[in-house]
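Position one of the sequence shown corresponds to residue 150 (my numbering), numbered consecutively onward.
A virtual CB, placed ideally from N, CA and C, is assigned to each residue, including glycine.
Predicted model only: the values in this text are computed from it and were never measured.
Heads up: the structure comes next, in C-alpha cells.
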Amino acid sequence: MKRIYPLLPYCFILLCLMASPGNASEGKLPVIEGKQIVAMVNHEPITSEEFGSFLADIEHETMSSEEKPEAVDYAGILDRLINEKLFLLEASNIGLDTLPEVIGNIDENSRRTMAQLLVKQEVTNINVDEEEVDRQYKEAVKELKVTGALFKQESDARKVQEELGAGTPINDIIKRVIAEGNATEVMEGKYLKKRDLLSKADEVLSEMEIGSVSDVVEFDKGFLIIKLDDIRYPEEPEVREKIHRILWKNAKGIAVEEYIKSLLKKYVEVDQTMLDSVNYDTSDEEYKKMLEDERIVARIKKEKPVTVGDLTAAFEKKLFHGVEDRQKQLNKRKEKMLNEILRKRVLVHEAKKHRIDKSDTYNDKIKQFKKSLVITLFIEKVIATSIKLNEEELKAYYEEHRDSYSTPKMMKIDSLIFPVREKAEAALATLRSGTEFKWLSANATGQVGKDTQGLLNFEGNILSVSSLPEAVQKVLSGIDSEDFRLYESEDGYFYVLYIQKVFPSTLRQYQEVRNTIAKDLYNIKMTEAVNNWSAKLKEHYPVEVYLTEF
150 MKRIYPLLPY CFILLCLMAS PGNASEGKLP VIEGKQIVAM VNHEPITSEE FGSFLADIEH
210 ETMSSEEKPE AVDYAGILDR LINEKLFLLE ASNIGLDTLP EVIGNIDENS RRTMAQLLVK
270 QEVTNINVDE EEVDRQYKEA VKELKVTGAL FKQESDARKV QEELGAGTPI NDIIKRVIAE
330 GNATEVMEGK YLKKRDLLSK ADEVLSEMEI GSVSDVVEFD KGFLIIKLDD IRYPEEPEVR
390 EKIHRILWKN AKGIAVEEYI KSLLKKYVEV DQTMLDSVNY DTSDEEYKKM LEDERIVARI
450 KKEKPVTVGD LTAAFEKKLF HGVEDRQKQL NKRKEKMLNE ILRKRVLVHE AKKHRIDKSD
510 TYNDKIKQFK KSLVITLFIE KVIATSIKLN EEELKAYYEE HRDSYSTPKM MKIDSLIFPV
570 REKAEAALAT LRSGTEFKWL SANATGQVGK DTQGLLNFEG NILSVSSLPE AVQKVLSGID
630 SEDFRLYESE DGYFYVLYIQ KVFPSTLRQY QEVRNTIAKD LYNIKMTEAV NNWSAKLKEH
690 YPVEVYLTEF
C-alpha cells in the first residue's frame, strides 16, 4: 500500500495558507500581486504556492525512503527554502550561473527535457497483453506442495522407492528418514515457491502430475525422490502489479522506438557513402583535424546537417582516448553514434514543432534544473572547500560513537508454532529435558502450518536482534546460545523459540570503518558550514519571515 499520510498535513497547511489574504501584523500573510507571501529574501517574495510545491518535493523524498517518517519540521523546511534563495543570489553575484559548464549542462538538459516531454505527449495508449500478464503471474506465484528427500547414498533412495511400491504412505517414510538421519534434505509436504526448490527438483516436478511420485533422480548433490502433492496459485496482487508494470514498460519502450523510427524516416537522409569513407584509424594529428571536418554525413529537414566534425565531437564526449582505442572501436561504432545524434536531433526538432519549448511544464523543469545545478555548484565550489578532516578528528569521533560502528547483536533462531499455550509449554518442557529440536519439529503434533499467513519467519536464520519485533526482543533479553523461550504473538500464536547461537555485538576495527566515519563526520561539518553560510548571507541580504505558525 502506498504511504500517503505524510502529504495530508502538507495539503492542510497549503489550504490554510490560501484561505484568506491579510497582513503579518494581524497574524495573516501579506499579499503581493494576488499571491500570499510566506517570506521575503532580498526583497524577492517566496509565495505560499512556492512553499507548497517545495513541501510536495519533500513529500516525494519521504515516500521514496524506506525509513519511518518523522514529524514534519515545517519551520526547518521553510528555512531550507530560504537558504536556497540565499545561495542562488550569492552564486549569481559571483558569476557561477554563467560558467561554461553550467550553460552547457542547461543546454543539454533542455534538449533532453524537450525530447522526454514530446514522447510523453505523443506516445500514449500503451496496451499490455493481459494473457501474458496472467501467464507470468501464475508462473511467479505458483506454489508446489511436495514431499520427498535427498540422499547421499543411492541405496537409501532405492529403499524409499521400494517402500512406496509396497504401499507405505510417503509421510510415514519421511518420518522414518528423519529419525534415522539418512537424508541430507527433507521436504515435508510444504508449499514451496519455484525459487525455493532445488534446481533438479524443479526440473523433475515440471514434468509430473499431482499425486505422482518421481523415480530416483541422480544429480550432483545426491539422489532425489519426490512426490507432487498439490499445486496452488495464491493471490499476490503486488506480484501481478509488478509484472504488469514491467510489461507496460517494455511495451512503451517498443512504442517509443517505433515513434522515433517514424521521425527518422520523415526527416533524415544519411549519406552512407560519406559515412563509410570516414576513417578513424589514423594519427592523432589527423583525428584532431576531423573535429573541424564539415563534410556532411546526414541531412535533417529544416535543421543543420550532421557533419564529420559533429560525429567526431560526439566520440570525444564518450572519452575514447589514444590511437589504439580509435583503431579498435570508433570505425565499428560510427553508425551507432550517428544514429544516437540523429535520434536526439529529430526529437528536439519535433518538440519545437509542437511548441513544447514554450510550455509552462518545460520552463518549470528547466528553471528547477538550473536552480539545482547552481546550488550544487555553489556548495561544491564555495562551501565544501572549507571543510577539512584530519586523522585525529576521525579517531576521536570513532571513540565517541562506538555503538554506531559495532556489529549488531545477532541470533540464529528456529521455532515451533502452536495455536494453544498448553501445546507450546509441553514442547518447551520436552526441549529443555534434552529432546533434539529437529526431531520434535518433525514429530510434535498440533503445530501451526508453516504456510499460514502472518507468521514470523525464523526457520534457522541468523537475524539481527534489533530487527525483531520489540516484544520478541524483550522475550529474548539475556538469553544464551542453546536455550529456549516462549513467545505469544499479538495474533494469538505461541512460538517456542530455539536460540541456536548468539553472536554478540563487537566493535569494528577503525580501519574497517574509517571511510564511513569520514562520510558521517563530513556530513556533520557540511551541515554546520551550510548553517554558517546562511547566517553570513542573511547579514548581506535582508530576510523577512511571515509564516511563523504551523
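- Membership of residue 518 in the alpha helix (DSSP H) is indicated by the continuous run 509 to 527.
- The DSSP assignment places complete alpha helix (DSSP H) segments of no fewer than 4 residues inside the region 609 to 654 at 619 to 624, in order along the chain.
- Counting only runs of at least 4 residues, the region 288 to 317 fully encloses the following alpha helix (DSSP H) elements, listed from N- to C-terminal order: 303 to 314.
- The three-state secondary structure of residue 593, taken from DSSP, is coil.
- Of the residues 240, 186, 257, the one whose Cα lies closest to the Cα of residue 515 is 257.
- Closest in C-alpha terms to residue 628, from the list 652, 616, 642, 640, comes 652.
- Beta-bridge annotation (DSSP): residue 416 is not paired with any residue.
- Residue 338: member of the beta strand (DSSP E) spanning 332 to 342, first to last residue.
- A check of alpha carbon separations from residue 179 across 191, 227, 196 identifies 196 as the nearest.
- In the structure shown, residue 560 falls within a strand segment according to DSSP collapsed to helix, strand and coil.
- Judged by beta-carbon spacing, residue 648 lies within the 8 Å limit of residue 630, meaning their Cβ atoms are closer than that value.
- Between residue 374 and the set 398, 387, 301, the nearest pair of CA atoms involves 301.
- The straight-line gap separating the alpha-carbon atoms of residue 223 and residue 639 is approximately 36 Å.
- Excluding residues up to 5 positions away in sequence, 595 lie with their Cβ nearer than 6 Å to the Cβ of residue 572 in the same chain.
- Nearest to residue 274 by C-alpha distance, out of 371, 398, 255, 333, is 398.
- In the DSSP assignment, the residues bridged to residue 555 are 656.
- Between residue 524 and residue 678, the C-beta spacing is not below 8 Å.
- Its Cα nearest to that of residue 308, the residue 325 stands out among 425, 584, 325.
- Shown here for residue 607: same chain residues with a beta carbon closer than 6 Å to its own, the five before and five after excluded, namely 562, 563, 564 in chain order.
- A contact is defined here as three or more CB-CB pairs under 8 Å, and the region 490 to 497 meets this definition with respect to the region 262 to 269.
- Just so you know, the alpha carbons of residue 202 and residue 500 end up roughly 26 Å apart.
- Burial state of residue 259 is buried, judged by a 10 Å Cβ sphere holding 16 or more other Cβ atoms.
- Judged by DSSP in its simplified three-state form, residue 356 adopts coil rather than helix or strand.
- Contact annotation: residue 694 and residue 289 have beta-carbon atoms that are not nearer than 8 Å.
- Taking the CA atoms as reference points, residue 520 sits about 29 Å from residue 272.
- Counting along the chain, no beta strand (DSSP E) covers residue 431, and no H or E run does either.
- By the criterion of at least three beta-carbon pairs nearer than 8 Å, the region 314 to 333 is not in contact with the region 387 to 398.
- Separation of the CB atoms of residue 292 and residue 381 is rounded to 5 Å, and the pair is thereby assigned contact status at 8 Å.
- Here residue 371 is buried, its C-beta having at least 16 other C-beta atoms within 10 Å.
- When the beta-carbon positions are compared, residue 479 and residue 667 stay at least 8 Å from each other.
- Residue state for residue 567 is assigned as strand, using DSSP reduced to three classes.
- If you ignore the 5 residues before and after residue 443, its C-beta comes within less than 7 Å of the C-beta of 456, 458, all in its own chain and listed in chain order.
- Residue 296 sits buried, since 16 or more C-beta atoms from the chains shown fall within 10 Å of its C-beta.
- Under the DSSP assignment, residue 371 falls in the beta strand (DSSP E) whose first and last residues are 371 to 381.
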